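As they're listed, the protein sequences go chains A and B. Counted from 1, the first sequence has number 11 at position 12 by numbering that gives the first Met the number 0; the numbering is strictly sequential. Counted from 1, the second sequence has number 126 at position 127 by numbering that gives the first Met the number 0; the numbering is strictly sequential.
Number of protein chains: 2
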Amino acid sequence: MRLTSLADYAVVMMAAAARHPADARLSAGLLAEETGVPLPTAQKVMGRLASAGLLESARGSGGGFRLARAASGISLADIIEAVEGPIAMTNCIEGSIHDCALEGSCRVKPHLNAANDAVRGALAAVSLSQLSQSPVRPELVEGLSFAGPRGEGFDRLSPNGVETEADSR
Amino acid sequence: MRLTSLADYAVVMMAAAARHPADARLSAGLLAEETGVPLPTAQKVMGRLASAGLLESARGSGGGFRLARAASGISLADIIEAVEGPIAMTNCIEGSIHDCALEGSCRVKPHLNAANDAVRGALAAVSLSQLSQSPVRPELVEGLSFAGPRGEGFDRLSPNGVETEADSR
DNA sequence: TGCCAATCGGAACGATACGGTCCGATTAGC
DNA sequence: GCTAATCGGACCGTATCGTTCCGATTGGCA
Chain A
0 MRLTSLADYA
10 VVMMAAAARH
20 PADARLSAGL
30 LAEETGVPLP
40 TAQKVMGRLA
50 SAGLLESARG
60 SGGGFRLARA
70 ASGISLADII
80 EAVEGPIAMT
90 NCIEGSIHDC
100 ALEGSCRVKP
110 HLNAANDAVR
120 GALAAVSLSQ
130 LSQSPVRPEL
140 VEGLSFAGPR
150 GEGFDRLSPN
160 GVETEADSR
Chain B
0 MRLTSLADYA
10 VVMMAAAARH
20 PADARLSAGL
30 LAEETGVPLP
40 TAQKVMGRLA
50 SAGLLESARG
60 SGGGFRLARA
70 ASGISLADII
80 EAVEGPIAMT
90 NCIEGSIHDC
100 ALEGSCRVKP
110 HLNAANDAVR
120 GALAAVSLSQ
130 LSQSPVRPEL
140 VEGLSFAGPR
150 GEGFDRLSPN
160 GVETEADSR
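This is the structure we're talking about:
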């Protein structure tokens, strides 16, 4: 139940992209710089987002990426599925895979199906335009240690001190 | 966003365990047989469930497992967390891990936090007693290709035809 | 009372796929 | 026509997952 690092990066980068004007050409290098994601990895992430249809890509010098749709029409579920594939808690939920011997007589599958829909619904309810906005509706984040440093150094996603290279890990 | 096979097995095995009388001693071998999970793997799964406090274990001959609480007091989220660890979509949500360079200035973290709570809530809303019941509330599964083979072969978890090399039944 | 068998618990091994990196293909600009 | 910038796909090391095996523990039986 943890999304992969690639998907995590994708969310951050899409949110950063949504903060730019809709018609601007965004290179992988620019977004990598803004988000602190290493450039080669950023390229890979954006490539997947493009092949999934969330970004439009243009090759060659002066090329780059652009949101394929309005930010309000892209959901968190879309981004995750673009990078990780279909949101399916178990193999048996995904239609094409049938490696479970109990298929057809499994009692828990319908329940898991319902739970999966609920999870997917929760993710589909979050739009990219929400993700790109700074303020958060307070009732959603109460009780969290991280309340949001609303004041200082908040307009730049990636100050110079990011010291990336995934330093320790 | 896919749960591991171990967690998948755990859900199926817990549901099978809940179908037995509450005071019955259940060995890993019995539940492995009922669910079709290979015995060594079933042992590992039940060991984790026991160390997480969802099952009570007794060693030695005549030992076995037993639900530590009533099935209605165990949620799907409990089972998943017992096997996979905390439900945290990203590393930055889990309190102890701080390997993200953007920590503290990340705009999307609050939103991800809210989404994570929603996902966890959806999983916590499903109780083991629901999982162990055969019929599914129709409004939860509508629109799914799998509507539920309610008629045939539905009262046995593991019919003879499971056709797996581990079936040994 | 001593031995045996059954069962849980933890350690070790192999496989899958994830994350990261590099190089080639393509295209605008000069 | 050439150069430079950028995307796209292929490759490899590594970490985690899944599986298996063996030892520890305890009740039952002779």
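For glycine and all other residues, C-beta sits at the position ideal for the given N, C-alpha and C. Just so it is clear, the structure is predicted and the values come from calculations on it, not from any experiment.
### Task
Please say whether Ala81 of chain B and Leu53 of chain B have beta carbons closer to each other than 8 Å?
To locate residue 53 of chain B, count along the second sequence from 1; it is residue 54. To locate residue 81 of chain B, count along the second sequence from 1; it is residue 82. Yes, Cβ-Cβ distance for Leu53 of chain B and Ala81 of chain B is below 8 Å.
### Query
Is Pro109 of chain A buried or exposed, if buried means 16 or more other CB atoms sit within 10 Å of its CB?
Sequence index remark: in the first sequence, residue 109 of chain A carries index 110 (1-based). Sixteen is the threshold: when 16 or more other Cβ atoms of the shown chains lie within 10 Å of the Cβ of Pro109 of chain A, as they do, the residue is buried.
### Task
Using the Cα positions of Ala100 of chain A and Leu5 of chain A, report the straight-line distance between them to the nearest angstrom.
Taking the first sequence and counting its residues from 1, one reaches residue 100 of chain A at position 101. Taking the first sequence and counting its residues from 1, one reaches residue 5 of chain A at position 6. Looking at the two C-alpha atoms, the distance is approximately 32 Å.
#### Entry: Classification of Ala21 of chain B by the beta-carbon crowding that lies within 10 angstroms, buried from 16 upward
By 1-based counting over the second sequence, the position of residue 21 of chain B is 22. Ala21 of chain B comes out exposed.
### Rounded Cβ spacing between Ala41 of chain B and Met12 of chain B (contact assumed at less than 8 Å)
Residue 41 of chain B sits at position 42 when you count from the first residue of the second sequence. Residue 12 of chain B sits at position 13 when you count from the first residue of the second sequence. Rounded, the Cβ-Cβ distance is 7 Å, consistent with contact.
### Task
Give the secondary structure of Leu2 of chain B by DSSP, where H, G and I count as helix, E and B as strand, and everything else as coil.
For the purposes of this step, residue 2 of chain B is taken as the residue at position 3 of the second sequence. Coil.
### Query
Excluding the five sequence neighbours on either side, which residues of its own chain have a C-beta within less than 8 Å of the C-beta of Asp68 of chain B, listed in chain order?
As a working note, residue 68 of chain B is residue 69 in the second sequence. According to the sequence as given, residue 68 of chain B is Arg; it is not Asp. So the list reads Leu53, once near-sequence residues are dropped.
#### Entry: Residue closest to Ser126 of chain A, alpha-carbon to alpha-carbon, out of A:Arg47, A:Ala76, A:Leu30, A:Asp7
Counting from 1 along the first sequence, the entry for residue 126 of chain A is found at position 127. Among A:Arg47, A:Ala76, A:Leu30, A:Asp7, the Cα nearest to that of Ser126 of chain A is on A:Ala76.
### Under 8 Å (Cβ pairs) to chain B, residues found in the segment 91 to 105 of chain A
Gly94, Ala100, Leu101, Gly103, Ser104, Cys105
### Message
Taking its Cβ as the centre, do 16 or more other Cβ atoms sit within 10 Å of Phe64 of chain B, making it buried, or is it exposed?
### Response
Position 65 of the second sequence, counting from 1, holds the residue named residue 64 of chain B. The residue is buried, with at least 16 neighbouring Cβ atoms inside 10 Å.
### Query
In the segment 62 to 77 of chain A, which residues sit with their C-beta less than 8 Å from some C-beta in chain B, listed in chain order?
Leu75
### Query
Taking 8 Å as the CB-CB limit, is His110 of chain B close to chain A?
Position 111 of the second sequence, counted from the first residue, corresponds to residue 110 of chain B. It does; some Cβ of chain A falls within 8 Å.
### Query
Quick one: does Leu29 of chain A have its CB under 8 Å from some CB of chain B?
Here residue 29 of chain A refers to the residue found at position 30 of the first sequence. Not a single CB atom of chain B sits nearer than 8 Å to the CB of Leu29 of chain A.
### Endpoints, alpha helix (DSSP H) assigned at Glu33 of chain A
On the first sequence, position 34 is the one that residue 33 of chain A refers to. It spans 27 to 34 - the alpha helix (DSSP H) in which Glu33 of chain A sits, taken as one unbroken run.
#### Entry: Interface partners of Thr89 of chain A on chain B, CB under 8 Å
Here residue 89 of chain A is taken as the residue at index 90 of the first sequence, counted from 1. Neighbours of Thr89 of chain A on chain B, chain order: Arg1, Leu2, Asp7.
### Query
At a Cβ threshold of 8 Å, is Ala123 of chain A touching chain B?
Here residue 123 of chain A refers to the residue found at position 124 of the first sequence. False, the Cβ-Cβ gap to chain B never drops below 8 Å.
### Query
Tell me which same chain residues have a C-beta within less than 6 Å of the C-beta of Leu122 of chain B, skipping the five on either side of it?
Translated into the one-based positions of the second sequence, residue 122 of chain B becomes position 123. Around Leu122 of chain B: Leu75, Ala76.
### Query
Between which two residues does the alpha helix (DSSP H) harbouring Leu200 of chain A extend?
The displayed coordinates of chain A run from 0 to 168. Any statement about residue 200 of chain A would go beyond what the structure contains.
### Query
Taking just the CA atoms, how far does Gly46 of chain A sit from Glu83 of chain A?
The count along the first sequence starts at 1 and reaches residue 83 of chain A at position 84. The count along the first sequence starts at 1 and reaches residue 46 of chain A at position 47. The alpha-carbon atoms of Glu83 of chain A and Gly46 of chain A are separated by roughly 13 Å.
#### Entry: Closest residue to Tyr8 of chain A among A:Ala124, A:Arg18, A:Ala31 (Cα-Cα distance)
For the purposes of this step, residue 8 of chain A is identified with residue 9 of the first sequence, where counting begins at 1. The candidate whose alpha carbon is nearest that of Tyr8 of chain A is A:Ala31.
### Query
Which residues in the same chain have their Cβ closer than 6 Å to the Cβ of Ala17 of chain B, if we skip the five residues on either side of it in sequence?
Start at 1 with the first residue of the second sequence, and residue 17 of chain B comes out as number 18. Correct list, in chain order: Ala70, Leu127, Ser131.
### Task
Could you list which residues in chain A have their beta carbon closer than 7 Å to that of Ser133 of chain B, in chain order?
By one-based count along the second sequence, residue 133 of chain B stands at place 134. Taking the beta carbon of Ser133 of chain B as reference, the chain A residues within 7 Å of it are Arg106, listed in sequence order.
### Query
So is Gly46 of chain A in contact with chain B if we call contact Cβ pairs under 8 Å?
Within the first sequence, numbered from 1, the residue matching residue 46 of chain A stands at position 47. It does not; no Cβ of chain B falls within 8 Å.
### Query
For Glu93 of chain A, which of A:Asn112, A:Arg1, A:Arg24 has the nearest alpha-carbon?
Here residue 93 of chain A refers to the residue found at position 94 when the first sequence is read from its first residue. Checking every option, the nearest Cα to that of Glu93 of chain A belongs to A:Asn112.
### Query
Using a C-beta to C-beta distance shorter than 8 Å, which residues of chain A count as neighbours of Val11 of chain B?
Position 12 of the second sequence, counting from 1, holds the residue named residue 11 of chain B. Chain A residues near Val11 of chain B: Leu101, Cys105, Val107.
### Query
In chain B, which residues lie with their C-beta within 7 Å of the C-beta of Gly59 of chain A?
Within the first sequence, numbered from 1, the residue matching residue 59 of chain A stands at position 60. Residues of chain B with a Cβ closer than 7 Å to the Cβ of Gly59 of chain A do not exist; the shortest Cβ-Cβ separation is about 31 Å.
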